[in-house]
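2 protein chains.
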Amino acid sequence: MSRILTVAAAQLGPIQKSESRAVAVDRMVRLMERAHKRGAELVVYPELALTTFFPRHYHADRAEADRWFEESMPSNETAPLFAAARRYGIGFHLGYAEIAQEADAAGLVRRRHFNTAILVSPAGEILLKYRKVHLPGHAEFDPNRAVQHLEKRYFEVGNLGFPVIRAPMGGQPGVNMGMMICNDRRWPEAWRVLGLQSVELVMVGYNTPSTNQAAAGFEAHHLRVFHSHLSVQAGAYQNATFAVAVAKAGTEDGCELFGHSIIVNPQGEIMAQATSWDDELITADCDLDMCRLGRTTIFAFDKHRRPEAYGRITGQVGAVEPPVWSKP
Amino acid sequence: MSRILTVAAAQLGPIQKSESRAVAVDRMVRLMERAHKRGAELVVYPELALTTFFPRHYHADRAEADRWFEESMPSNETAPLFAAARRYGIGFHLGYAEIAQEADAAGLVRRRHFNTAILVSPAGEILLKYRKVHLPGHAEFDPNRAVQHLEKRYFEVGNLGFPVIRAPMGGQPGVNMGMMICNDRRWPEAWRVLGLQSVELVMVGYNTPSTNQAAAGFEAHHLRVFHSHLSVQAGAYQNATFAVAVAKAGTEDGCELFGHSIIVNPQGEIMAQATSWDDELITADCDLDMCRLGRTTIFAFDKHRRPEAYGRITGQVGAVEPPVWSKP
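Chains G and R, in that order, give the protein sequences.
Read in order, the letters of the first sequence are residues 62 to 389 in this note's numbering.
Read in order, the letters of the second sequence are residues 62 to 389 in this note's numbering.
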């Protein structure tokens, strides 16, 4: 039996600070209609898809930022998306800011904040939830930055690991699916943890500025898309998986996001690429059997990996200085 | 003070099975002469640079393969290379097959075989030794393969980890240098272990066929160079390091090796690329201060890495199947 899954990446143009969730959801429903016309069985939306990328805005009182978060999913505002999925028989991946009433490490139930993505079946069942592990940016207002990046202020580090689920999708009885969010895609550790669970399709939403706004140094603007694609293509190749990386794009609250959403095959090749800075749908037929070649030859992990040489990866957080050579 | 190190990649054309070490060393000395004329301070030679890539040849009696190995370094045959390095004041990296009289895990001293690389100072001191960890291929004759790949037959897995040393090189009082060999470059674990030791320059020698000769499936030939470059560029970018990846190229014993040696900067950009299938020297001025941007911003490991989510990387060898979703 053919294992082709038709996947759509639904890139979103900018969502301004003043725009409501209803505006965003309406655009997302229209993209799902187009996905249906193009035969897609799964639509992947970006990170924090319901609002502007609010971590660029500083709230001295963190609670004021709660208005960017969802207290329930679905909600009245997101229900049209779930209804459209049911109508068209399409699964979807959605990134949003989540408030969870949940026990923390100390066992205390409280309001917790995460940068979250969910995978939803056409029937509206939540098949998988992921909470962003690699939060970039900073926690306090940084006067040296042209634009703030306050993810470390507004979100806790994700506490669900990098889960993979085997679930029905489209015409396929079982697809191994995992997720990462934005900055995670630059970390080969995240890809490998998914690969070690036999992932076949990785969904990544992102909001990435066209310039590096940190004060620490200059990064050539023209390399920003290259770095994103390089990371996704290498991650897909080295873990023999398909990847769908979907952007919010264009000028949002005066800040340019680079777009260039892609669908990548297990050979690391780009199968489809968005080229606008606005709402745009790209699709590809993903033959999941293509994952087999890599994982049975060069990347047959059981034959070739040597964890005894990888101790530093889990044994230390930051980099250490190497020993200094001296004459014997 | 400027931290520019001028690095040369000395790609070698084919070395046929019938050719002696003296022929190979003579060609390598001539490449070092050219490196000297171009102001290089360090020359990087490929994996197993002294002979043909012998793991493609099957010896039923493993001991017969010992003639491809070095029992001492330097030896009479390799001494001209060390002499040239001294004459020109150039350091070098050399890959070779090593026989070591060394205790094994059981404490028994015996002849042990490794796929090895050394970093040598202009004065002939061995600054660093590395033994290949990710051995590809197979241990027994495989009648389904057009060409054998018997690295798992002839070599033990390297037992030195992925070491990094800070040593003087050229005009620099200290450069953080590490090594990997061939197939290692496809494994992000190897890059990360070097990155966690603040590596600034990774040297990689390789002998990679233009076709995947495993029986398990078809791999598009035109992607072979892409995969090699993708892995090196991603490894350099994600660990904020320079990388020099140096091939043996051309048709050797009837088997085509793809060449395309590259020097890559910490942004993942290719600074120089060999385009012949023969002996060829490429050079680049590597400003080691370029490593700083990545490691103080996006890849500030101490701020952003989350080893608690990476447990599978060291906790398991092969991939597991993910859980199957069921209706709640």
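Ideal Cβ placement from N, Cα and C applies to all residues, glycine included.
Scan the region 129–165 of chain R and note each continuous beta strand (DSSP E) run of 3 residues or more that stays entirely inside, going in chain order. 152–164
Whether or not the region 299–314 of chain R and the region 240–257 of chain R are in contact is what I'm after, with contact meaning three or more pairs of Cβ atoms, one per stretch, closer than 8 Å; do they touch? yes
Is N326 (chain R) helix, strand or coil when you go by DSSP? coil
C-beta contact flag for V218 (chain G) and R367 (chain R) at 8 Å: yes
Look up P368 (chain R) in the DSSP assignment and say whether it is helix, strand or coil. helix
Three-pair Cβ contact test at 8 Å for the region 148–155 of chain R versus the region 190–198 of chain R: no
Kindly list the residues whose CB is nearer than 7 Å to the CB of G329 (chain G), restricted to its own chain and excluding five residues on each side of it in sequence; keep chain order. Q294, A295, A297, Y298
Buried or exposed: where does E201 (chain G) fall if 16 or more other Cβ atoms within 10 Å of its Cβ makes it buried? exposed
In chain R, which residues lie less than 7 Å from L375 (chain G) when you measure between Cβ atoms? A quick correction: the sequence has Thr, not Leu, at residue 375 (chain G). Per Cβ cutoff of 7 Å: P368, Y371, G372, I374, T375.
Would you kindly work out how many angstroms separate the C-alpha atoms of V10 (chain R) and L221 (chain G), rounded to a whole number? An answer regarding residue 10 (chain R) cannot be provided, because it is not within the stretch 62 to 389 covered by chain R.
Check this for me: beta carbons of R247 (chain R) and I359 (chain G), under 8 Å apart or not? yes
So which of G:H210, G:R99, G:A144, G:M264 has the shortest CA-CA distance to D87 (chain G)? G:A144
Using a cut-off of 8 Å between C-beta atoms, extract the partners of F223 (chain R) located in chain G. A370
Chain G residues whose Cβ lies nearer than 8 Å to that of F362 (chain R): V378, G379, A380
Identify whether F202 (chain G) lies in helix, strand or coil by the three-state DSSP scheme. coil
Sheet register partners of M89 (chain G) (DSSP bridge): Answer is none; M89 (chain G) lacks a bridge partner.
Interface positions of the region 123–153 of chain R facing chain G (Cβ-Cβ less than 7 Å), listed along the chain: none
8 Å Cβ cut-off: residues of chain R touching S271 (chain G): Those within 8 Å of S271 (chain G) in chain R number zero; the least Cβ separation is about 15 Å.
Count Cβ pairs between the region 93–103 of chain R and the region 164–179 of chain R that sit closer than 8 Å; are there 3 or more? no
Cβ-Cβ distance between P224 (chain G) and L189 (chain G) below 8 Å: yes
Rounded Cβ spacing between N176 (chain G) and E212 (chain G) (contact assumed at less than 8 Å): 7 Å
According to DSSP, simplified to helix, strand and coil, what is A345 (chain G)? strand
When the cut-off is 8 Å and only beta carbons count, does A295 (chain G) lie next to chain R? yes
Within chain R, partners of I179 (chain G) - CB distance below 7 Å: Ordered by position in chain R, no residue passes the 7 Å Cβ test against I179 (chain G), which lies about 13 Å from the chain.
Is any beta-carbon of chain R found at less than 8 Å from that of L257 (chain G)? yes
Exposed unless 16 or more other CB atoms sit within 10 angstroms - verdict on V170 (chain R): exposed
T312 (chain G) and P75 (chain G) look like a contact to me (Cβ under 8 Å); what is the Cβ gap, rounded to whole Å? 6 Å
Are the Cβ atoms of G320 (chain R) and A335 (chain R) separated by less than 8 Å? yes
D245 (chain G), buried or exposed, once every other Cβ within 10 Å from all chains shown has been counted against 16: buried
Measure from the alpha carbon of V307 (chain R) to the alpha carbon of each residue in R:V325, R:A140, R:E317, R:G235, then state which is nearest. R:V325
Of all Cβ atoms in chain G, is any one closer than 8 Å to the Cβ of E80 (chain R)? no
Given that P249 (chain G) touches chain R, what residues does it touch there, using C-beta distances under 7 Å? P249, R253, Q299
On the three-state DSSP scale, how would you describe T67 (chain R)? strand
Continuous beta strand (DSSP E) stretch holding T177 (chain R): start and end: 170–181
Please report the distance separating the alpha-carbon of N137 (chain R) from that of F362 (chain G). 40 Å
Beta carbon of A146 (chain R) nearer than 8 Å to that of M89 (chain R): no
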